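Encoded as structure tokens, the structure appears first; notes follow it.
2 protein chains.
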Amino acid sequence: MEPAPEIERLLRAADLRVTRQRVAVLAAVRTLPHADTDTLLRAVRAEVDGVSHQAVYDSLHTLTAAGLLRRIQPAGSVVRYETRTDDNHHHVVCRSCGSVADVDCAVGPAPCLTASDTHGFVVDEAEVIFWGTCPACSTADTTTREVAP
Amino acid sequence: MEPAPEIERLLRAADLRVTRQRVAVLAAVRTLPHADTDTLLRAVRAEVDGVSHQAVYDSLHTLTAAGLLRRIQPAGSVVRYETRTDDNHHHVVCRSCGSVADVDCAVGPAPCLTASDTHGFVVDEAEVIFWGTCPACSTADTTTREVAP
DNA sequence: CCCTAGTCTTGACTAGTTCAAGAAAGCAGG
DNA sequence: CCTGCTTTCTTGAACTAGTCAAGACTAGGG
Chain A
1 MEPAPEIERL LRAADLRVTR QRVAVLAAVR TLPHADTDTL LRAVRAEVDG VSHQAVYDSL
61 HTLTAAGLLR RIQPAGSVVR YETRTDDNHH HVVCRSCGSV ADVDCAVGPA PCLTASDTHG
121 FVVDEAEVIF WGTCPACSTA DTTTREVAP
Chain B
1001 MEPAPEIERL LRAADLRVTR QRVAVLAAVR TLPHADTDTL LRAVRAEVDG VSHQAVYDSL
1061 HTLTAAGLLR RIQPAGSVVR YETRTDDNHH HVVCRSCGSV ADVDCAVGPA PCLTASDTHG
1121 FVVDEAEVIF WGTCPACSTA DTTTREVAP
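Heads up: the sequence lines are chains A and B, in that order. With the numbering used here, you'll find the first sequence wraps up at 149, consecutive numbering, no jumps. With the numbering used here, you'll find the second sequence wraps up at 1149, consecutive numbering, no jumps.
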């Protein structure tokens, strides 16, 4: 389903052992960007039978530490992962269904990274999360009101 | 310790019943901005004996819904609360110790609220979190290296 | 003062994640 | 190709933060 050799190359480049579990995890995050751990676990098990949940947690942590994955966690959401790690892009999150989409930086390469007074903190990253309503939910809201409790 | 009448007034203005628990919760968040629920629970119990954790959770939810509190949750952190709700300010979070400080908007009243392409999402808020190292941790890091594992 | 809706207490329960010990597997060197 | 060391995976228990639900209590309008 996924080009395994390419993924294998990525793992070796990051000095990580190539295991079926890791390959499957990385492939899963590629095909399911912004998915949560449980969804990824299912996807991985569809590829490699009998993978333990701990292996998936471990792989996700390792791959994140190696810079192959990026971990995102909007308030009130479980942890989600994506493979776009190089660019400092941001996210829009739907308040209603929790879906996430990528948003490129609006103002140049690293906007908003100029806080007025950071109280002596040494800032290395500015994370921006846009909150709103996704197309599907805003349509559902206006057309079929009173459906949700 | 806190001006209870003032807090009472705030509660009534928000059409909420005035209970000892709520007053204590609101006072606790005032004196301990950015505190997590557990810290607040302890603070509340110091004022009013035997308060249940559920009452604190309920109060925090109710007060947040009424706009008297703002709930923040940086990735990897538990939920925290603060009383500054009117202005759209942001936060700096220490990667090392997790401490949080307020940061006022850098560019005008609502910066960064102009995402380039929001994929059809209707955006109503832009949340900015600055990640870095707090003064205490950066000092500890440079002077007493090798202390932490 | 009484009534009722809203709030609090008590205690069980859940989801998501981490911890720990031993078995299995990757891969460098011979 | 085989060996052995080290990392990774499996298994299964444990933990934390938070939620659910039933009944007792109480704020505040009448």
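Glycine included, each C-beta is placed from N, C-alpha and C at the ideal position. Computed from a predicted structure; not experimentally measured.
Go ahead and label residue i buried or exposed: buried means 16 or more other beta carbons lie within 10 angstroms of its beta carbon, across all protein chains shown.
{"i": "Pro-74 (chain A)", "result": "buried"}
{"i": "Glu-1006 (chain B)", "result": "exposed"}
{"i": "Val-147 (chain A)", "result": "Note that Val-147 (chain A) has pLDDT 37, beneath the 50 cutoff, so the model's placement of it is unreliable and no number is given."}
{"i": "Arg-1080 (chain B)", "result": "buried"}
{"i": "Ala-1046 (chain B)", "result": "exposed"}
Enumerate in chain order the residues of its own chain whose CB-to-CB distance from residue i is below 6 angstroms, with the five nearest sequence positions on each side excluded.
{"i": "Val-1078 (chain B)", "result": "Asp-1036"}
{"i": "Val-1100 (chain B)", "result": "His-1034, His-1091, Val-1093"}
{"i": "His-53 (chain A)", "result": "Leu-41"}
{"i": "Cys-137 (chain A)", "result": "Cys-94, Ser-96, Cys-97"}
{"i": "Ala-24 (chain A)", "result": "Val-44, Glu-47, Val-48"}
{"i": "Glu-8 (chain A)", "result": "Val-18"}
Just to confirm my understanding: we take residue i, look at its own chain, exclude 5 residues before and 5 after, and list those with CB closer than 8 angstroms. What are they?
{"i": "Thr-1083 (chain B)", "result": "Leu-1026, Val-1029, Arg-1030, Pro-1033, Leu-1068, Leu-1069, Arg-1070"}
{"i": "Arg-1017 (chain B)", "result": "Leu-1011"}
{"i": "Gln-1021 (chain B)", "result": "Val-1044, Val-1048, Val-1051, Ala-1055, Val-1056, Ser-1059"}
{"i": "Thr-85 (chain A)", "result": "Gly-67, Leu-68, Leu-69, Arg-70"}
{"i": "Thr-1064 (chain B)", "result": "Arg-1070, Arg-1071, Tyr-1081"}
If we call anything under 8 angstroms between Cβ atoms a contact, is residue i one with residue j?
{"i": "Ala-1004 (chain B)", "j": "Ala-1066 (chain B)", "result": "no"}
{"i": "Asp-1117 (chain B)", "j": "Asp-117 (chain A)", "result": "no"}
{"i": "Ala-126 (chain A)", "j": "Val-1123 (chain B)", "result": "no"}
{"i": "Cys-1134 (chain B)", "j": "Phe-121 (chain A)", "result": "yes"}
{"i": "Thr-89 (chain A)", "j": "Asp-102 (chain A)", "result": "Looking at the sequence provided, one finds His at residue 89 (chain A) rather than Thr. It is a contact, given that the beta carbons lie within the stated cut-off."}
Can you list, in chain order, the residues of its chain whose CB lies under 7 angstroms from that of residue i, leaving out five sequence neighbours each side?
{"i": "Trp-1131 (chain B)", "result": "Val-1093, Arg-1095"}
{"i": "Thr-1039 (chain B)", "result": "Leu-1032"}
Legend entry - Contacting positions in the region 1053-1071 of chain B - beta carbon closer than 8 angstroms to chain A: Arg-1071
Legend entry - Interfacial residues, the region 115-131 of chain A to chain B, with Cβ spacing under 9 angstroms: Ala-115, Ser-116, Asp-117, Thr-118, His-119, Gly-120, Phe-121, Val-122, Val-123, Asp-124, Glu-125, Ala-126, Glu-127, Val-128, Ile-129, Phe-130, Trp-131
Inset, instruction - Compile a chain-ordered list of the residues in the region 79-96 of chain A whose CB is closer than 9 angstroms to at least one CB of chain B. - result: Val-79, His-90, Val-92, Val-93, Cys-94, Arg-95
Legend entry - Near-chain B residues of the region 22-37 of chain A (beta-carbon distance less than 7 angstroms), N- to C-terminal order: none
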